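Working notes for the structure below.
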Amino acid sequence: MNRPTTLAKKLYVKTYGCQMNVYDSARMADVLAPLGYANTDSPEEADMVILNTCHIREKAAEKVFSELGRLKSLKRRKEDGGGRLILAVAGCVAQAEGEEILRRAPYVDIVLGPQTYHRLPEMVAKASRAAGSVLDTEFPAEPKFDHLPESRAEGFSAFLSVQEGCDKFCSFCVVPYTRGAEYSRPAGAVLAEARRLASQGAVEITLLGQNVNGYHGEAPASSHAAASEWGLGRLIRALAEIEGLERIRYTTSHPRDMDGELIAAHGEVPGLMPFLHLPVQAGSDRILEAMNRRHDRDFYLDLVGRLKEARADLALSSDFIVGFPGETDADFAETLDLVRRVGFVQTYSFKYSPRPGTPAAAIEHQVPERVKEARLAELQALLTELTTDFNRRSVGRVMPVLFDRPGRHPGQIIGRSPYMQPIHVEGADTFMGQVVPVRITGVHPNSLAGEVSPGGGARPQGEKAYA
Ligand code: SAH
Ligand code: SF4
Ligand code: F3S
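This note's numbering puts the first residue of the sequence shown at 1, with every later residue one more than the last.
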């Protein structure tokens, strides 16, 4: 292997937003490694800083500008000392507001969108040569995945991006504009990346996509099936065959794209975790329609029923928006009712935030801030109750836990249940990186306590046996 000829340099990446951004940040570091950049946790010692940004709500976008203010002084200090700091803004704010960033923060060297980061080396070269900034927020015809270096697994749980972009155009959401049209990676490329991650020690893989269950990738050349494309259910079955991969998850899904094959996979693939993030956003048909969600509450409830028929111990999580324009008390009551009916075990809830350029931002009947706040508090209280109740009901159960982190005390290790509950166990550090049956013994505010179940230590044949 050729050793990099450049001197070692330090890269600091700060990530905002969703898991796709976490994945992208790791890939940007991969792209820059051949130029001699190694990651650092401290912006002060960095030669290059990348802010990988999120545009989903106003607050998320504003954070970027305040962070840029702080980095401006750091950059000046470095330059006064004869050094250099390359400052790059990537991600969804860069895509949506690239010109605005350069206007408000002209000291930024590089602005790049989520679809162009494979070109980072050229941008860095340009920024190092010339004065002035580089802006590259194109949606290239050729997907970036064909130009990225191989990813590396760090730890036992890895992300794998299989689908990107969104054609759903929910009326509140910026994602179709910042990430572009839906694209699915070919199944062969996904399988190759998954095999590599498994060979590097990944035990769990989370498949990522803005609309991951809308996946429809080109079938592998070796596939004997007549179909020219694979859906997510088919892809998951193939991934489950990979040696060493014990757990598969996927996020985020749209209710409309949950097809029969994927539902069946939940019943038949033991390694597919019985925990599904399936955002519903609201419980009132009127609001769902205004959100352009393309499903109503009955469709969602029926879907949950079909999923639980396939896998009885399946638990669901969801995102919610309160105070969507025109939402009345009666509409909001329907959201609370839907939450109780489904019994979500983990959730994310947000006040509606008008986003420039989205249809909902132009609706006249915006809900006052204090009403949004009251509704959010009421919804969150209910959601916390449900999560706490689920955690309490876990006590006494034996669940397979993937241990992936040391705990706070010597000998303590922390892992995740199938439902993503953090579980800590004492004196069992030989189990790191393994899936082990654990009896849950207690509930703490942010975690569960457990002990390795007698006979534990052997890798379970199928997670289902312990559920
Ligand atoms: N692809 C995901 C959405 C990603 S955005 C999906 O389809 O579910 C994550 C969450 O942010 C959304 O589910 C929604 O609940 C929330 N969100 C998106 N736009 C928002 C807005 N304008 N205001 C408040 N919350 C929003
Ligand atoms: Fe946004 Fe809707 Fe697409 Fe999810 S499905 S990314 S909420 S437009
Ligand atoms: Fe945010 Fe972009 Fe993800 S807007 S939520 S970083 S797709």
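The beta carbon of each residue, even a glycine, is placed where N, CA and C say it ideally should be. These numbers were taken from a predicted model, which means no experiment stands behind them.
{"Asked": "Please indicate yes or no: does the CB of CYS92 lie closer than 8 Å to some heavy atom of ligand 3?", "Found": "yes"}
{"Asked": "So, under 8 Å CB-CB, LEU235 and ALA187 are touching, yes? Tell me the CB distance rounded to an integer number of Å.", "Found": "6 Å"}
{"Asked": "Between which two residues does the alpha helix (DSSP H) harbouring ASN211 extend?", "Found": "Here ASN211 belongs to no alpha helix (DSSP H), and DSSP marks it neither H nor E."}
{"Asked": "By alpha-carbon positions, which one of PHE299, PRO418, VAL89 ends up nearest to VAL401?", "Found": "PRO418"}
{"Asked": "With hydrogens ignored, establish whether the beta-carbon of ARG119 is closer than 8 Å to any heavy atom of ligand 5.", "Found": "Absent from the structure shown: ligand 5. Ligands present: ligand 1, ligand 2 and ligand 3."}
{"Asked": "Our contact map puts GLY433 next to ILE423 with C-beta atoms below 8 Å; I'd like the distance itself, whole angstroms only.", "Found": "In fact, because the Cβ distance is near 15 Å, the residues do not count as touching under 8 Å."}
{"Asked": "Do SER394 and ASP331 come within 9 Å of each other at the CB atom, strictly closer than that value?", "Found": "no"}
{"Asked": "Taking the alpha carbon of ASN213 as the reference point, which residue from HIS266, PRO140, GLU97 has its own alpha carbon closest?", "Found": "HIS266"}
{"Asked": "To the nearest angstrom, how far is it from the Cα of CYS54 to the Cα of GLY83?", "Found": "29 Å"}
{"Asked": "What's the call for PRO325, buried or exposed, on a 16-neighbour Cβ count within 10 Å?", "Found": "buried"}
{"Asked": "Cα separation between VAL162 and LEU232?", "Found": "9 Å"}
{"Asked": "Using beta-carbon positions only, say whether LEU87 and VAL64 come within less than 9 Å of one another.", "Found": "no"}
{"Asked": "In whole angstroms, what is the alpha-carbon distance linking ARG306 and THR347?", "Found": "21 Å"}
{"Asked": "In this structure, how does DSSP classify PHE390 when only helix, strand and coil are distinguished?", "Found": "helix"}
{"Asked": "Could you check whether ARG294 and LYS372 sit closer than 9 Å to each other, using their CB atoms as the reference points?", "Found": "no"}
{"Asked": "Can the beta-carbon of ALA38 be found closer than 9 Å to that of LYS10?", "Found": "yes"}
{"Asked": "Using alpha carbons as the reference points, say which of VAL436, ARG247, VAL425 lies closest to LEU448.", "Found": "VAL425"}
{"Asked": "Taking the Cβ atom as the reference point for each residue, do ARG375 and GLY323 lie within a distance shorter than 9 Å?", "Found": "yes"}
{"Asked": "Would you decide whether ALA221 is buried or exposed? Buried here means 16 or more other CB atoms lie within 10 Å of its CB.", "Found": "exposed"}
{"Asked": "Taking 8 Å as the cut-off, is the beta-carbon of VAL322 closer than that to any non-hydrogen atom of ligand 3?", "Found": "no"}
{"Asked": "Using a Cβ-Cβ cutoff of less than 6 Å, which residues in the same chain neighbour THR15 once the five nearest sequence positions on both sides are dropped?", "Found": "ASN21, VAL22, SER25, ASN52"}
{"Asked": "Check whether the Cβ atoms of LEU278 and SER318 sit closer than 9 Å, and answer yes or no.", "Found": "yes"}
{"Asked": "Exposed or buried, what is ASP389 when buried is set at 16 or more other beta-carbons lying within 10 Å of its beta-carbon?", "Found": "exposed"}
{"Asked": "Please state if the CB of ALA361 and the CB of PRO368 are separated by a distance shorter than 9 Å.", "Found": "no"}
{"Asked": "LEU71 and PRO43 look like a contact to me (Cβ under 8 Å); what is the Cβ gap, rounded to whole Å?", "Found": "7 Å"}
{"Asked": "Which ranges does the beta strand (DSSP E) cover as unbroken runs of at least 3 residues, wholly within the region 150-213, from first to last along the chain?", "Found": "157-161, 204-208"}
{"Asked": "Check whether the Cβ atoms of PRO203 and SER253 lie closer than 9 Å to each other.", "Found": "Before going further, note that residue 203 is Val rather than Pro in the sequence given. Contact flag unset, no."}
{"Asked": "Around ligand 2, which residues pass a check of Cβ closer than 6 Å to any of its heavy atoms?", "Found": "CYS166, LYS168, PHE169, CYS170, CYS173, VAL175, PRO176, GLN210, ASN211, HIS254"}
{"Asked": "Got a sec: does ligand 3 put a non-hydrogen atom nearer than 8 Å to the Cβ of THR53?", "Found": "yes"}
{"Asked": "Taking ARG152 as the reference, which of ARG195, PHE172, CYS18, ARG185 has the closest Cα?", "Found": "ARG195"}
{"Asked": "Return yes when the C-beta of PRO114 is under 8 Å from any heavy atom of ligand 3, and no when it is not.", "Found": "yes"}
{"Asked": "By DSSP, does LEU488 sit in helix, in strand, or in coil?", "Found": "With the chain covering 1 to 467 only, the question about residue 488 has no answer from this structure."}
{"Asked": "Would you mind sorting VAL13 into buried or exposed? The rule is 16 or more other CB atoms within 10 Å of its CB.", "Found": "buried"}
{"Asked": "Just to confirm, are CYS173 and ILE56 a CB contact at a threshold of 9 Å?", "Found": "yes"}
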